[in-house]
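Participant:
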Amino acid sequence: KKTFEGDQVLRITPKDEAQISLLRELSEQEHLGLDFWREPVHESLPVDVHVPFHSLQGVRAFLGYHQIQYNVMIMDVQDLLDDEEREMVKYRS
Amino acid sequence: FPRSTDDFVYTNYHDLNSIYSFMDMLVAENSNLVSKIVIGQSYENRPLNVLKFSTGANRPGIWIDTGIHSREWVTQASGIWFSKKIVTDYGRDPVLTDILNNYDIFLEIVTNPDGFAYTHSRDRMWRKTRKPNSGSSCVGVDPNRNWDAGFGGAGSSSSPCTETYRGPSAHSEPEVKAIVDFVKSHGKIKAFVSIHSYSQMLLYPYGYTSTPAKDQAELHELARKAITSLQSLYNTRYTYGSIISTIYQASGGTIDWTYNQGIKYSYTFELRDTGRYGFILPANQIVPTAEETWLALMAIMEHTKNNPY
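Heads up: the sequence lines are chains A and B, in that order. According to this note's numbering, the residues represented by the first sequence are 51 to 143, in order. According to this note's numbering, the residues represented by the second sequence are -9 to 299, in order.
What follows is the structure, encoded as structure tokens:
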């Protein structure tokens, strides 16, 4: 079963079309394993991206270097999924 | 397992077997109102079950589907709640009763059962179908890019390894083809609502083109009315508009195809996430999500009934 320990979901708020373009470039970096829950389309819409733990440092550095604002929407994806699983098990038992 | 649908826990997520058992139980308890029809089989040979709520023969229909993207668990959970709400309110709520005395409602709770089973067993974040792709190690097609409406255009991907892979051809996915065949053979579907999560939006065609739908003014006004109703419950913030103007260009989408088939009231929802959880909405949010969405669905269904075409 695939697990997501240490993975985070970042909510990114691009301020202009240039930052949107940068985020599109980021999304094309297949080796990072990013999963865009909300894609970079327009500066009026936030971008949510699920970042695997192994790519976190690189993605944060990229965002920081380009001064693209973001905050952590989900601190640890697996923690939330564990909570979800616990609720389901509690119901079953 | 609960002995009746009254005992079923609507405030929790359930796996595919539990949902299919729930559907059978609902049918057994309400055989005068609900039946189960199987419109096809998934790639992995799971039945594609649809609940039909009907009080008479040869009625026009209203279609609602949830769970075409398997990881959007709040949608399947909401579909379960809607089905119970329909049997509970029929005969009690005059508006729903009137709708059901004139229209059948079709509800497909798990539109992508292979993907949904996979989210429970292997990868909670799986979105697509589970059909292998020839010549690629990557599995699955985005069933919301697989419809014959601008198929292959911008806003979908030709790469099997992406989340928006459109598939080799329009309607290549059995989960999609089954709905296509059903809608065509029925011939009188008058409203079609496809429910996704997340980001709190109610959208109407088009996604593949910026050309406005010919009924855009009416669709927009009805969306406004539906969202006003939705927000009256918990004040959840929703936006609405055409797909291409509200989110992004997306080709091969469900409701673009249904609209082009002549189903005027074609809408797609993106349900609530409260801004913090994305696809991992906690189970205690299921019922509030379903309750508020139901109000919007009722607005769309009532308008459909009052505006025959």
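C-beta atoms are modelled at their ideal positions from N, C-alpha and C, and glycine is treated no differently. A quick note: this is a predicted structure, and the numbers were derived from the prediction, not measured.
Say whether chain B places a C-beta atom closer than 8 Å to the C-beta of Tyr141 (chain A).
Facilitator: Numbered from 1 along the first sequence, position 91 holds the residue referred to as residue 141 (chain A). Output row for Tyr141 (chain A): interface = yes.
Participant: Measuring CB to CB, does Thr244 (chain B) end up less than 8 Å from Asn134 (chain B)?
Facilitator: To locate residue 244 (chain B), count along the second sequence from 1; it is residue 254. To locate residue 134 (chain B), count along the second sequence from 1; it is residue 144. Yes, Cβ-Cβ distance for Thr244 (chain B) and Asn134 (chain B) is below 8 Å.
Participant: So what does Asp94 (chain B) bridge to, in DSSP terms?
Facilitator: Residue numbering aside, residue 94 (chain B) sits at position 104 when the second sequence is read from its first letter. Asp94 (chain B) pairs with B:Gly51.
Participant: Considering Cα atoms alone, identify which of A:Gly56, A:Val91, A:Ser143 and A:Asp132 is closest to Gly145 (chain B).
Facilitator: Your numbering for residue 145 (chain B) matches position 155 in the second sequence. Out of A:Gly56, A:Val91, A:Ser143 and A:Asp132, A:Val91 has the C-alpha closest to the C-alpha of Gly145 (chain B).
Participant: Should Gly105 (chain B) be labelled buried (16 or more other beta-carbon atoms within 10 Å of its own) or exposed?
Facilitator: Reading the second sequence from its first residue, position 115 is the one you call residue 105 (chain B). With 16 or more Cβ atoms within 10 Å of its Cβ, Gly105 (chain B) is classed as buried.
Participant: Which same chain residues end up closer than 7 Å to Val277 (chain B) when comparing Cβ atoms and leaving out the 5 residues on each side of it in sequence?
Facilitator: Counting from 1 along the second sequence, the entry for residue 277 (chain B) is found at position 287. Cβ within range, chain order: Tyr0, Thr1 and Trp71.
Participant: Restricting to Cα atoms, I'd like to know which of A:Phe103, A:Arg88 and A:Arg142 is closest to Pro64 (chain A).
Facilitator: Here residue 64 (chain A) refers to the residue found at position 14 of the first sequence. Pro64 (chain A) has its Cα closest to that of A:Arg88, out of A:Phe103, A:Arg88 and A:Arg142.
Participant: With a threshold of 16 other CB atoms inside 10 Å of the CB of Gln79 (chain A), please say whether the residue is buried or exposed.
Facilitator: Position 29 of the first sequence, counted from the first residue, corresponds to residue 79 (chain A). That one is exposed.
Participant: Output yes if chain A places a C-beta closer than 8 Å to the C-beta of Ile52 (chain B); else output no.
Facilitator: Counted from its first residue, the second sequence places residue 52 (chain B) at position 62. At least 8 Å separates the CB of Ile52 (chain B) from every CB of chain A.
Participant: According to DSSP, Leu261 (chain B) sits in a beta bridge with which residue or residues?
Facilitator: The sequence position of residue 261 (chain B) within the second sequence is 271, counting from 1. Note: Leu261 (chain B) sits in a beta bridge opposite B:Ser187.
Participant: Can you give me, in chain order, the residues of the segment 269 to 297 of chain B that have a beta carbon less than 8 Å from any beta carbon in chain A?
Facilitator: Phe269, Ile270, Pro272 and Ala273
Participant: CB-CB under 7 Å to Trp116 (chain B), same chain, minus the five flanking residues each way: which ones, in chain order?
Facilitator: Reading the second sequence from its first residue, position 126 is the one you call residue 116 (chain B). Ser60, Arg61, Gly105, Tyr108 and Thr109.
Participant: How many Å lie between Gly265 (chain B) and Ile62 (chain A) at the Cα?
Facilitator: In the second sequence, the residue the question calls residue 265 (chain B) occupies position 275. In the first sequence, the residue the question calls residue 62 (chain A) occupies position 12. Cα to Cα, the separation comes out at about 13 Å.
Participant: Could you tell me if Ala181 (chain B) is buried or exposed, where buried requires 16 or more neighbouring beta carbons within 10 angstroms of its beta carbon?
Facilitator: Taking the second sequence and counting its residues from 1, one reaches residue 181 (chain B) at position 191. With 16 or more Cβ atoms within 10 Å of its Cβ, Ala181 (chain B) is classed as buried.
Participant: Which first and last residues belong to the beta strand (DSSP E) in which Gly30 (chain B) is found?
Facilitator: Position 40 of the second sequence, counted from the start, is the residue given in the question as residue 30 (chain B). Val24 to Gln31 is the span of the beta strand (DSSP E), which, as asked, contains Gly30 (chain B).
Participant: Of all the beta strand (DSSP E) runs that stay within the bounds of the segment 189 to 267 of chain B, which reach a length of 3 or more residues?
Facilitator: 191 to 194, 229 to 232 and 255 to 261
Participant: Which residues does DSSP list as the beta-bridge partners of Asn121 (chain A)?
Facilitator: Here residue 121 (chain A) corresponds to residue number 71 of the first sequence, with the count starting at 1. Looking at the DSSP assignment, Asn121 (chain A) forms a beta bridge with A:Arg61.
Participant: Which chain B residues are close to Leu131 (chain A), counting only those with a beta carbon under 8 Å from its beta carbon?
Facilitator: Residue mapping note: residue 131 (chain A) aligns to position 81 of the first sequence, counting from 1. In chain order: Arg114 and Ile270.
Participant: Would you verify that the beta carbon of Val99 (chain A) is, or is not, closer than 8 Å to some beta carbon of chain B?
Facilitator: Here the question's residue 99 (chain A) lines up with position 49 in the first sequence. No - not a single Cβ of chain B is within 8 Å of the one on Val99 (chain A).
Participant: Which residue's Cα is closest to the Cα of Tyr188 (chain B): B:Leu261, B:Gln206, B:Glu19 and B:Ile290?
Facilitator: For the purposes of this step, residue 188 (chain B) is taken as the residue at position 198 of the second sequence. Taking only the C-alpha atoms, the option nearest Tyr188 (chain B) is B:Leu261.
Participant: Report the rounded CA-to-CA distance for Pro158 (chain B) versus Gly197 (chain B), giving the unit in angstroms.
Facilitator: As a position in the second sequence, residue 158 (chain B) is number 168, starting the count at 1. As a position in the second sequence, residue 197 (chain B) is number 207, starting the count at 1. The straight-line gap from Cα to Cα measures roughly 20 Å.
Participant: Following the continuous alpha helix (DSSP H) through Asp79 (chain B), name the residue where it begins and the one where it ends.
Facilitator: The residue labelled residue 79 (chain B) in the question sits at position 89 within the second sequence. Where Asp79 (chain B) is concerned, the enclosing alpha helix (DSSP H) stretches over Trp63 to Asp79.
Participant: When the distance is taken between beta carbons, is Thr101 (chain B) closer than 8 Å to Gly57 (chain B)?
Facilitator: One-based indexing of the second sequence puts residue 57 (chain B) at position 67. One-based indexing of the second sequence puts residue 101 (chain B) at position 111. A contact, by the Cβ cut-off of 8 Å.
Participant: Between Leu223 (chain B) and Glu281 (chain B), which are expected to be in contact by the criterion C-beta below 8 Å, what is the C-beta distance as a whole number of angstroms?
Facilitator: Residue numbering aside, residue 223 (chain B) sits at position 233 when the second sequence is read from its first letter. Residue numbering aside, residue 281 (chain B) sits at position 291 when the second sequence is read from its first letter. The Cβ separation is near 6 Å, so the contact holds.
Participant: Using a 10 Å radius around the Cβ and a threshold of 16 neighbouring Cβ atoms, would you call Ile27 (chain B) buried or exposed?
Facilitator: As a working mapping, residue 27 (chain B) is identified with position 37 in the second sequence. It counts as exposed.
Participant: Can you give me the start and stop residues for the beta strand (DSSP E) that Asp85 (chain A) sits inside?
Facilitator: Against the first sequence, residue 85 (chain A) aligns to sequence position 35. Unbroken beta strand (DSSP E) run through Asp85 (chain A): Asp85 to Arg88.
Participant: Looking at Leu131 (chain A): is its Cβ nearer than 8 Å to the Cβ of Phe54 (chain A)?
Facilitator: The residue labelled residue 131 (chain A) in the question sits at position 81 within the first sequence. The residue labelled residue 54 (chain A) in the question sits at position 4 within the first sequence. Yes, the Cβ-Cβ distance between Leu131 (chain A) and Phe54 (chain A) is below 8 Å.
Participant: May I ask you to report which of helix, strand or coil DSSP gives Phe103 (chain A)?
Facilitator: The sequence position of residue 103 (chain A) within the first sequence is 53, counting from 1. In this structure, Phe103 (chain A) counts as helix in the three-state DSSP scheme.
Participant: Give the straight-line distance between the Cα atoms of Lys254 (chain B) and Val40 (chain B), rounded to the nearest whole angstrom.
Facilitator: On the second sequence, position 264 is the one that residue 254 (chain B) refers to. On the second sequence, position 50 is the one that residue 40 (chain B) refers to. Near 22 Å, if we compare the C-alpha coordinates of Val40 (chain B) and Lys254 (chain B).
Participant: Taking C-alpha atoms, which residue in B:Gly125, B:Ile185, B:Ser44 and B:Ser32 lies nearest to Ala286 (chain B)?
Facilitator: Position 296 of the second sequence, counted from the start, is the residue given in the question as residue 286 (chain B). Shortest Cα-Cα distance from Ala286 (chain B) to any of B:Gly125, B:Ile185, B:Ser44 and B:Ser32 involves B:Ile185.
Participant: Within 10 Å of its beta-carbon, does Glu117 (chain A) have 16 or more other beta-carbons around it, so buried, or fewer, so exposed?
Facilitator: Here the question's residue 117 (chain A) lines up with position 67 in the first sequence. Here the sequence assigns Gln to residue 117 (chain A), which means Glu is not the residue at that position. By the 10 Å Cβ count, Gln117 (chain A) comes out exposed.
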